[in-house]
Amino acid sequence: MREIETVAARTLDEALDVLARRGDGIRVIAGGTDVIVQELERRKEARALLSIGGIGALRSITEDGGRVRIGALVTHREIERSPVIRRRAPLLREAAFIVGSPQIKNLATIGGNIANASPVADSVPALMALEATITLASRRGERRVPVAEFATGPGRTVRRPDELITEVSFDALPPDSVSFYERLGQRRLLSISKVGVAFRARLRDGRFAGVAVALGAVAPTVIMAPRTAAALEGERYSPEVAGRAARAAEEESRAITDLRSTSDYRNRMAGALLVRGLARVMEGRG
Amino acid sequence: MIRVGFTVNGRSVSVETSPTRTLLDILREDLGLTGTKEGCGKGECGACTVLMDGRAVASCLVIAAGLEGRDVLTVEGLAGDRIGRALQDAFVEAGAVQCGYCIPGFLMAARALLAETPSPSTEEIREGLSGNICRCTGYVKIFDAVNLAARRLAR
Ligand SMILES: Cc1cc2nc3c(=O)[nH]c(=O)nc-3n(C[C@H](O)[C@H](O)[C@H](O)COP(=O)(O)OP(=O)(O)OC[C@H]3O[C@@H](n4cnc5c(N)ncnc54)[C@H](O)[C@@H]3O)c2cc1C
Ligand code: FES
Ligand code: FES
Numbered sequence: 001m002r003e004i005e006t007v008a009a010r011t012l013d014e015a016l017d018v019l020a021r022r023g024d025g026i027r028v029i030a031g032g033t034d035v036i037v038q039e040l041e042r043r044k045e046a047r048a049l050l051s052i053g054g055i056g057a058l059r060s061i062t063e064d065g066g067r068v069r070i071g072a073l074v075t076h077r078e079i080e081r082s083p084v085i086r087r088r089a090p091l092l093r094e095a096a097f098i099v100g101s102p103q104i105k106n107l108a109t110i111g112g113n114i115a116n117a118s119p120v121a122d123s124v125p126a127l128m129a130l131e132a133t134i135t136l137a138s139r140r141g142e143r144r145v146p147v148a149e150f151a152t153g154p155g156r157t158v159r160r161p162d163e164l165i166t167e168v169s170f171d172a173l174p175p176d177s178v179s180f181y182e183r184l185g186q187r188r189l190l191s192i193s194k195v196g197v198a199f200r201a202r203l204r205d206g207r208f209a210g211v212a213v214a215l216g217a218v219a220p221t222v223i224m225a226p227r228t229a230a231a232l233e234g235e236r237y238s239p240e241v242a243g244r245a246a247r248a249a250e251e252e253s254r255a256i257t258d259l260r261s262t263s264d265y266r267n268r269m270a271g272a273l274l275v276r277g278l279a280r281v282m283e284g285r286g
Numbered sequence: 001m002i003r004v005g006f007t008v009n010g011r012s013v014s015v016e017t018s019p020t021r022t023l024l025d026i027l028r029e030d031l032g033l034t035g036t037k038e039g040c041g042k043g044e045c046g047a048c049t050v051l052m053d054g055r056a057v058a059s060c061l062v063i064a065a066g067l068e069g070r071d072v073l074t075v076e077g078l079a080g081d082r083i084g085r086a087l088q089d090a091f092v093e094a095g096a097v098q099c100g101y102c103i104p105g106f107l108m109a110a111r112a113l114l115a116e117t118p119s120p121s122t123e124e125i126r127e128g129l130s131g132n133i134c135r136c137t138g139y140v141k142i143f144d145a146v147n148l149a150a151r152r153l154a155r
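For the protein sequence lines, the chains are A and B, in the order given.
For the first sequence, the working numbering assigns the number 1 to the initial residue and increments by one for each residue that follows.
For the second sequence, the working numbering assigns the number 1 to the initial residue and increments by one for each residue that follows.
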């Protein structure tokens, strides 16, 4: 790769100082799996890089008073292996499991997946269905932004040039919850399309309550699907109910046609994945 | 240019290099460790797999700026390693190697897998090696070899 000036920060303070001084003139690099590929393919050309991989304070997953906090530098492999995530947010474990390959998952951070703002980012639908919040830090202080409001278009976000994502947090799912993440296409290489569907709800007397659904790769950003959620709210699971919700998901999808697949195909896949996921988690639960 | 210090196969090294030079290039060109191969150069084929702090990573996506203090294991270091030796023997015996270009990457991914999951199921072997591409073998004998090594190590 071409030589780019790189500053390696060892502490959060150091990183925030550099960003306060250089803002737009320097690009953050965490695991590097997006940044390096974008540089190689000349899709983005940074003037300088700020390497944050050495900031130990951003590497932990904690659970405290029902709130789960994931540091920005936690890798998808660590999420996939975390007992806290397995118990408290199984849909996020499923999303992390699917990302790339072991060699990618060991590098790819959750902060990078969010900040890259790709409509096909796998952890984002799961985080959105969890109603997760991003913490952004700068020399000016800290602010919190819902994941659902962070990306404004492909590669575009509300992050200001001097801000660093430090963590993402959400309420642990209550024990009576069901959740899933379903994606079409196991590997980036082989996948035809990467439509992804994240779902979570509680089961109260066998009926869905507090339903949230998020859809990936069917719009310029990952989107919430409120009408799909409404089609399930208060209902008992049945194939007919799932079918009705699937039609809502197809209507809420706004996929574009590209090299990989047509918009019509993608929109319909969103419905099909919802049906598949619901069957998987509801089978035998009555 | 920056100077970074890290360990490779148990030996401390210090190299002066561009901060955005990849670990793959440093290994092959600066340190002469050409066992690690370049395939795609962008994370998709696994030919460049090495272990960094015990975890399998694509060395084409690791840059010098993040290397300070890391512990790297490459295919050249496998002969001095119990799991590594068992894997090398099993690959030969199972006939898992054809042209051989992908094999260093498969060995390293398998080494990471067996260190973490000593008796992997077929599904776990497939997942552990899902980041590696082989254009020759069709994978079956590679999976057999990993299975064979795991069974021998368990004895
Ligand atoms: C072969 C391959 C397969 C892949 N497969 C998948 C897949 O299946 N699913 C998927 O979702 N993704 C996939 N990816 C994409 C990528 O691995 C993920 O998006 C990953 O999570 C990015 O994290 P990173 O740490 O590598 O980010 P980097 O490349 O370091 O950074 C990505 C972006 O985020 C910014 N950034 C990073 N951290 C922060 C922070 N803390 N604060 C502010 N900005 C920050 C960077 O400036 C950059 O714009 C794949 C990539 C490759 C190369
Ligand atoms: S050369 Fe690194 S993954 Fe292909
Ligand atoms: S043996 Fe030739 S690519 Fe695998």
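In this text, a Cβ means the ideal position worked out from N, Cα and C, and glycines have one as well.
As the structure is a prediction and not an experimental result, all values here were calculated from the model.
Gly111 (chain A) to Glu240 (chain A) span [Cα, whole Å]: Here residue 111 (chain A) refers to the residue found at position 111 of the first sequence. Here residue 240 (chain A) refers to the residue found at position 240 of the first sequence. Using only the alpha carbons, I get a separation of about 38 Å.
Let me know if Met52 (chain B) comes out buried or exposed under the rule of 16 or more other beta-carbons within 10 Å of its beta-carbon. Within the second sequence, residue 52 (chain B) is the residue found at index 52, counting from 1. Looking at its Cβ environment, which holds 16 or more other Cβ atoms inside 10 Å, Met52 (chain B) is buried.
Nearest chain A C-beta to Ser7 (chain B) closer than 7 Å, yes or no? Locating residue 7 (chain B) in the second sequence gives position 7, counting from the first residue. Checking the displayed sequence, the identity of residue 7 (chain B) turns out to be Thr instead of Ser. False, the Cβ-Cβ gap to chain A never drops below 7 Å.
Report the CB separation of Ile103 (chain B) from Gly32 (chain A) in whole angstroms; it is logged as a contact under 8 Å. As a first step, residue 103 (chain B) must be located in the second sequence, where it is residue number 103. As a first step, residue 32 (chain A) must be located in the first sequence, where it is residue number 32. That belief does not hold up - the Cβ atoms of Ile103 (chain B) and Gly32 (chain A) are roughly 26 Å apart, past 8 Å.
Would you say Gly56 (chain A) reaches chain B, if we count a Cβ-Cβ gap shorter than 7 Å as a contact? On the first sequence, position 56 is the one that residue 56 (chain A) refers to. At a cut-off of 7 Å between beta carbons, Gly56 (chain A) makes no contact with chain B.
Cβ of Cys45 (chain B) within 6 Å of any heavy atom in ligand 2? In the second sequence, residue 45 (chain B) corresponds to position 45, counting from 1. Yes, ligand 2 has a heavy atom inside 6 Å of this Cβ.
Using only the heavy atoms of ligand 1, determine whether one of them is closer than 6 Å to the beta carbon of Asn113 (chain A). Taking the first residue of the first sequence as 1, we reach residue 113 (chain A) at position 113. If you check the C-beta of Asn113 (chain A) against ligand 1, you find a heavy atom less than 6 Å away.
Who sits around ligand 3, taking every residue whose Cβ is closer than 7 Å to one of its heavy atoms? Cβ atoms closer than 7 Å to ligand 3 belong to B:Val97, B:Gln98, B:Cys99, B:Gly100, B:Tyr101, B:Cys102, B:Ile103, B:Cys134, B:Arg135, B:Cys136, B:Thr137.
Would you kindly check if the distance between the Cβ of Pro119 (chain A) and the Cβ of Pro220 (chain A) is under 7 Å? In the first sequence, residue 220 (chain A) corresponds to position 220, counting from 1. In the first sequence, residue 119 (chain A) corresponds to position 119, counting from 1. Their beta carbons are under 7 Å apart, which means Pro220 (chain A) touches Pro119 (chain A) by this criterion.
Is there a Cβ from chain A that is less than 7 Å from the Cβ of Ser121 (chain B)? If you number the second sequence from 1, residue 121 (chain B) lands on position 121. Not one chain A Cβ lies under 7 Å of Ser121 (chain B).
Does the distance between the C-beta of Glu215 (chain B) and the nearest non-hydrogen atom of ligand 2 fall short of 6 Å? Past the edges of chain B, shown from 1 to 155, lies residue 215 (chain B), and the structure says nothing about it.
Inter-residue Cα distance where the pair is Ala90 (chain B) and Val75 (chain B): By 1-based counting over the second sequence, the position of residue 90 (chain B) is 90. By 1-based counting over the second sequence, the position of residue 75 (chain B) is 75. Distance between the alpha carbons of Ala90 (chain B) and Val75 (chain B) is about 15 Å.
Out of B:Val57, B:Val140, B:Arg126, state which residue places its alpha-carbon closest to the alpha-carbon of Ala94 (chain B). Working through the second sequence from its first residue, we reach residue 94 (chain B) at position 94. If we check each option's Cα against that of Ala94 (chain B), B:Val140 comes out closest.
In the DSSP assignment, what are the bridge partners of Arg27 (chain A)? In the first sequence, residue 27 (chain A) corresponds to position 27, counting from 1. Here Arg27 (chain A) is bridged, per DSSP, to A:Leu49.
What residues are listed by DSSP as bridge partners for Pro146 (chain A)? Reading the first sequence from its first residue, position 146 is the one you call residue 146 (chain A). A:Thr133.
Backbone secondary structure at Asp53 (chain B) - three-state DSSP: Along the second sequence, read from residue 1 onward, the residue named residue 53 (chain B) stands at position 53. The answer is coil: DSSP assigns Asp53 (chain B) none of H, G, I, E or B.
Option nearest Leu232 (chain A) by Cα separation, candidates A:Gly271, A:Leu49, A:Arg156: Counting from one through the first sequence, the residue named residue 232 (chain A) turns up at place 232. Comparing Cα positions, the closest option is A:Gly271.
For Glu238 (chain A), which residues in chain B fall below 9 Å Cβ to Cβ? In the first sequence, residue 238 (chain A) corresponds to position 238, counting from 1. The sequence shown places Ser at residue 238 (chain A), not Glu. Chain B residues near Ser238 (chain A): none, gap ~31 Å exceeds 9 Å.
By the criterion of Cβ-Cβ separation under 9 Å, what are the contact partners of Ser51 (chain A) in chain B? In the first sequence, counting from the first residue as 1, residue 51 (chain A) sits at position 51. Going along chain B in sequence order, the residues near Ser51 (chain A) (Cβ under 9 Å) are Pro19, Ile63, Ala65, Gly66.
Let's see if you can read the secondary structure: which residues bound the alpha helix (DSSP H) around Ala145 (chain B)? Counting from 1 along the second sequence, the entry for residue 145 (chain B) is found at position 145. Here the alpha helix (DSSP H) through Ala145 (chain B) covers 140-154.
Spatial neighbours of Gly216 (chain A) within its chain, please: C-beta separation below 8 Å, excluding the five flanking residues on both sides. What you label residue 216 (chain A) is simply residue 216 of the first sequence in a count that begins at 1. Beyond the five residues adjoining it in sequence on each side, Gly216 (chain A) comes within less than 8 Å, by CB distance, of Pro119, Val120, Ala121, Asp122, Val124, Pro125, Arg183, Lys194, Val195, Gly196, Val197, Ala198, Val222 in the same chain, given in chain order.
Closer than 8 Å is the cut-off here; do at least three beta carbon pairs connect the region 51-63 of chain A with the region 201-208 of chain A? Judged by Cβ distances under 8 Å, the region 51-63 of chain A makes no contact with the region 201-208 of chain A, as fewer than three pairs qualify.
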